[in-house]
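**Student:**
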Amino acid sequence: MDWNATVEELAPALFRYFSAAVPSHQADDLVQEVFLRLVRKFDRFDPAKGSLKMYAFGIAHFVRLEAFHQKSTASMTEEGGSNLPASMESDRRDEVMDLKRAIAKLPENERQVVLLQIDNDLSMDKIAEILQIPIGTVKSHLHRAKDRLKAILQKETKYG
Amino acid sequence: MDDELKKMLKPFKKIAPSKLQVNRWQRAVDREVKSIGKGRETSTWYALAAGLLIGFLSATFYFKAVPLMNQPLEILQANATEEWILTKTE
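Order-wise, the sequence lines are chains Y and G. Just so you know, we're using this note's numbering here: the first sequence kicks off at 1267 and counts up by one. Just so you know, we're using this note's numbering here: the second sequence kicks off at 68 and counts up by one.
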């Protein structure tokens, strides 16, 4: 198993997933935690059940929930734009921060579906499998989350 | 994915980990892989030591206790102490 290549391949998607949910410095630690658990639990990975990326996102989901239970939603949104990559333009930073705040306001079941859609590589049935909920529920959560996000962003930001 | 949601989440596409972060995660994974390897090596040695001990105890039992159990009663009684005979004849 070429772990260096695996880290390089999965790191961007996992980093985006956590960056949308928690402060960036915490995202860094959580991505590392996912990789460590992936190594420890690699013997449980069954390629017949899904890709390694899907397995990693399953772990990421639980790691995020653990972090979420340790910290309140409010504290998770407290972050200055300074923790975002320095190369990012300030307009983009504001956009990301507004979006992060909006996602933090979603109910947890809707938030988790939206977060798994950030990279839009995972299909609905894969998301349903990761979250262990029916595909119809994923669709309805997404639909409601989209409407709610739109409303929050229109109310509080420059979006729309 | 829904186009509207895709458009909303687009700003996140700009977020990417730095090369330094990726290197740090790679080193952490490397350390973990090595520590798991060492753990497995230690377990193998423990299993081998436990196997040898069980083998030694089984051999001791077979060569010492089994012949004693197979001895005729007279010989056992001849070797028995006086106290033992007294307890049996009381």
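Think of the CB as a built atom: it goes at the ideal place given N, C-alpha and C, for glycine as much as any other residue. All of these numbers come straight from a predicted model, not from anything done at the bench.
For a quick check, are the C-beta atoms of G:Q88 and Y:F1308 less than 9 Å apart?
**Tutor:** Start at 1 with the first residue of the second sequence, and residue 88 of chain G comes out as number 21. Start at 1 with the first residue of the first sequence, and residue 1308 of chain Y comes out as number 42. No, the pair does not count as a contact, with Cβ atoms beyond the cut-off.
**Student:** Just how far apart, CA to CA, sit G:E141 and G:S125?
**Tutor:** Along the second sequence, one-based indexing puts residue 141 of chain G at 74. Along the second sequence, one-based indexing puts residue 125 of chain G at 58. One C-alpha to the other measures close to 27 Å.
**Student:** Indicate whether at least one CB of chain G lies closer than 9 Å to the CB of Y:H1407.
**Tutor:** Here the question's residue 1407 of chain Y lines up with position 141 in the first sequence. For Y:H1407, the answer is no, since every Cβ of chain G falls outside 9 Å of its Cβ.
**Student:** Using a beta-carbon distance below 9 Å, is G:E108 in contact with chain Y?
**Tutor:** For this step, residue 108 of chain G is matched to residue 41 along the second sequence. Chain Y contact via Cβ: absent.
**Student:** Just how far apart, CA to CA, sit G:R91 and Y:T1272?
**Tutor:** Taking the first residue of the second sequence as position 1, residue 91 of chain G is located at position 24. Taking the first residue of the first sequence as position 1, residue 1272 of chain Y is located at position 6. Straight-line Cα distance between these residues: approximately 14 Å.
**Student:** Assign G:K105 to one of two classes, buried (16 or more other C-beta atoms within 10 Å of its C-beta) or exposed (fewer than that).
**Tutor:** In the second sequence, counting from the first residue as 1, residue 105 of chain G sits at position 38. Counting Cβ neighbours within 10 Å, G:K105 comes out exposed, since fewer than 16 surround it.
**Student:** With DSSP collapsed to three states, give me the class of Y:D1309.
**Tutor:** Residue mapping note: residue 1309 of chain Y aligns to position 43 of the first sequence, counting from 1. Three-state result, Y:D1309: helix.
**Student:** Answer yes or no: does any C-beta atom of chain G fall closer than 9 Å to that of Y:I1399?
**Tutor:** Residue numbering aside, residue 1399 of chain Y sits at position 133 when the first sequence is read from its first letter. Output row for Y:I1399: interface = no.
**Student:** Assuming G:E99 and Y:L1276 are in contact, meaning their beta carbons sit under 8 Å apart, how far apart are those beta carbons, in whole angstroms?
**Tutor:** The count along the second sequence starts at 1 and reaches residue 99 of chain G at position 32. The count along the first sequence starts at 1 and reaches residue 1276 of chain Y at position 10. Going by Cβ atoms, the distance from G:E99 to Y:L1276 rounds to 15 Å, so no, they are not a contact pair.
**Student:** For Y:L1296, tell me which candidate among Y:D1268, Y:M1320, Y:V1329 has the shortest Cα-Cα distance.
**Tutor:** Here residue 1296 of chain Y corresponds to residue number 30 of the first sequence, with the count starting at 1. Minimum Cα distance to Y:L1296 is reached at Y:V1329.
**Student:** Mind pulling the chain G residues with CB within less than 9 Å of Y:Q1383?
**Tutor:** Locating residue 1383 of chain Y in the first sequence gives position 117, counting from the first residue. What Y:Q1383 touches in chain G: M68, D69, L72, K73, L76.
**Student:** Using the beta-carbon of each residue, which ones in chain G are nearer than 8 Å to Y:V1305?
**Tutor:** Taking the first sequence and counting its residues from 1, one reaches residue 1305 of chain Y at position 39. Under the 8 Å cutoff, chain G gives V96, E99, V100, I103.
**Student:** Measuring straight from C-alpha to C-alpha, what distance separates Y:D1360 and Y:D1268?
**Tutor:** The residue you call residue 1360 of chain Y lines up with position 94 of the first sequence. The residue you call residue 1268 of chain Y lines up with position 2 of the first sequence. Looking at the two C-alpha atoms, the distance is approximately 37 Å.
**Student:** Is the shortest distance between the beta-carbon of Y:A1286 and the beta-carbons of chain G less than 9 Å?
**Tutor:** Within the first sequence, numbered from 1, the residue matching residue 1286 of chain Y stands at position 20. So yes, Y:A1286 belongs to the interface.
**Student:** Should G:W92 be flagged as near chain Y, meaning a C-beta pair shorter than 9 Å?
**Tutor:** Sequence index remark: in the second sequence, residue 92 of chain G carries index 25 (1-based). Closer than 9 Å to some Cβ of chain Y, the Cβ of G:W92 qualifies, so yes.
**Student:** Going along chain G in order, which residues have a C-beta closer than 8 Å to the C-beta of Y:K1412?
**Tutor:** By 1-based counting over the first sequence, the position of residue 1412 of chain Y is 146. The answer, in chain order, is D69, E71, L72, M75.
**Student:** Please tell me whether Y:Q1383 and Y:I1393 are closer than 9 Å, where the distance is taken between their beta carbons.
**Tutor:** As a first step, residue 1383 of chain Y is located in the first sequence; it is residue number 117 there, counting from the start. As a first step, residue 1393 of chain Y is located in the first sequence; it is residue number 127 there, counting from the start. Taking 9 Å as the Cβ cut-off, Y:Q1383 and Y:I1393 qualify as a contacting pair.
**Student:** Return yes when the Cβ of Y:L1372 is within less than 9 Å of the Cβ of Y:R1414, no when it is not.
**Tutor:** For this step, residue 1414 of chain Y is matched to residue 148 along the first sequence. For this step, residue 1372 of chain Y is matched to residue 106 along the first sequence. A contact, by the Cβ cut-off of 9 Å.
**Student:** Over the uninterrupted alpha helix (DSSP H) stretch that includes G:K77, give me the two end residues.
**Tutor:** Counted from its first residue, the second sequence places residue 77 of chain G at position 10. According to the DSSP assignment, G:K77 belongs to no alpha helix (DSSP H), since it is labelled neither H nor E.
**Student:** Answer with yes or no whether the minimum CB distance from Y:E1274 to chain G is below 9 Å.
**Tutor:** Locating residue 1274 of chain Y in the first sequence gives position 8, counting from the first residue. With 9 Å as the cut-off, Y:E1274 counts as an interface residue toward chain G.
**Student:** Taking the alpha helix (DSSP H) that Y:Q1398 falls in, what are its first and last residues?
**Tutor:** Taking the first residue of the first sequence as 1, we reach residue 1398 of chain Y at position 132. Counting along the chain, Y:Q1398 falls outside any alpha helix (DSSP H), and DSSP gives it neither H nor E.
**Student:** So what's Y:G1346 in DSSP terms, helix, strand or just coil?
**Tutor:** Here the question's residue 1346 of chain Y lines up with position 80 in the first sequence. Only weak support is given to the placement of Y:G1346: the predicted model assigns it a pLDDT of 48, under 50, and the question is left unresolved by the model.
**Student:** By the 10 Å Cβ neighbour count, where 16 or more other Cβ atoms means buried, how is Y:G1324 classified, buried or exposed?
**Tutor:** Here residue 1324 of chain Y corresponds to residue number 58 of the first sequence, with the count starting at 1. Burial call: buried.
**Student:** Along chain Y, which residues have their Cβ under 8 Å away from the Cβ of G:P139?
**Tutor:** Position 72 of the second sequence, counting from 1, holds the residue named residue 139 of chain G. Here the premise fails: no neighbours, minimum Cβ distance about 57 Å.
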